[in-house]
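Here is the structure we will look at, set down as C-alpha cells.
In the UniProt record's numbering, the protein residues as written are 1 to 233.
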C-alpha cells in the first residue's frame, strides 16, 4: 500500500517571521486599545525615528529609535500590508540565513533606512514608523538568490540557490525587471503619484536606503558562497 501524500501546511513561515509579526501586532493592539493618547504620544516620541532629535540633547532614544521605529506602524492597514510583504520576502531570507543573522540583518537594515531618510531630512520634525525600509532590504536580499535563471521567484527550496554576484543579478532578466519596477514605484511615490501616496506619507527615502543596503550588503550576512556551498555555521 502506498503511503498517503504529505500535506504541506498552508502557512509555513519561519518562527522568526511569525514572532516579528506577532510583536508588531501586539504593539499596534497596545497602542490602539490599551494605552491612552498621552502615553501613545510619549511612545512615539521615544520609539519613532525623528530626524530633528539629532539636533537636540542626546538621550536614550537617540540610540534605539533608528531600530524601534521599524516595529511601530501608522494603523492596522499599514501593519497588515507590511506583514504580507514580510511574509513573502522575509521568509525566504530567514530560511537562508537563520534566526540570529536575520535579527542582525533587521537591525542593520533598519538603521541604514533611517540613516538614508535622515540624511535627506536633516533637522526636520518628521515622525517615521514602519517596517517598510527593512522589508525593502529583504526584497533586495532575496533577489540576490531567489530568482532562478529561468525566471520565477520563491520556488520551493529557493533559499538553497547559489547567491548571484551583483553583475549576475543585473543580468538576470527577472531580477532586473523587479529592480526597474521597484525603483519606478518608489520614484512615483517620491513625486506623490504612487497608489496610496495621497492618503499617507510614504517614506520612499527609507525604502531606497533599505533596498540599497540589502542589495549591496547581503553578502556579509549570507552563510553560503556564491557557488551555493555553505561556509559558515
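Ideal Cβ placement from N, Cα and C applies to all residues, glycine included.
Strand pairing of residue i, partner residues [DSSP]
| i | result |
| --- | --- |
| residue 128 | 49 |
Exposure of residue i, with buried meaning 16 or more beta-carbon neighbours within 10 Å
| i | result |
| --- | --- |
| residue 169 | buried |
| residue 139 | buried |
| residue 157 | exposed |
| residue 28 | buried |
| residue 60 | exposed |
| residue 180 | exposed |
Beta-carbon contacts of residue i that lie in its chain and below 7 angstroms, excluding the five residues immediately before and after
| i | result |
| --- | --- |
| residue 23 | 71 |
| residue 127 | 44, 48, 50 |
| residue 85 | 135 |
| residue 89 | 135, 138, 139, 142 |
| residue 178 | 143 |
| residue 87 | 13, 17 |
| residue 79 | 24, 25, 28, 73 |
Cβ neighbours of residue i in the same chain (closer than 6 angstroms, five flanking residues each side left out)
| i | result |
| --- | --- |
| residue 220 | none |
| residue 145 | 161, 163 |
| residue 118 | 51 |
| residue 76 | none |
| residue 55 | 123 |
Proximity of residue i and residue j at Cβ, strictly below 8 angstroms
| i | j | result |
| --- | --- | --- |
| residue 113 | residue 210 | yes |
| residue 82 | residue 130 | yes |
| residue 208 | residue 105 | no |
| residue 107 | residue 67 | yes |
| residue 109 | residue 214 | yes |
| residue 133 | residue 206 | yes |
| residue 222 | residue 97 | yes |
Cβ shell of residue i (< 8 angstroms), same chain only, five flanking positions each side left out
| i | result |
| --- | --- |
| residue 40 | 31 |
>> For a minimum of 4 consecutive residues, which ranges assigned as the alpha helix (DSSP H) are wholly contained in the stretch 61-149?
In response: For the stretch 61-149, whole alpha helix (DSSP H) runs of length 4 or above, ordered along the chain, are 61-68, 76-85, 91-120, 132-143.
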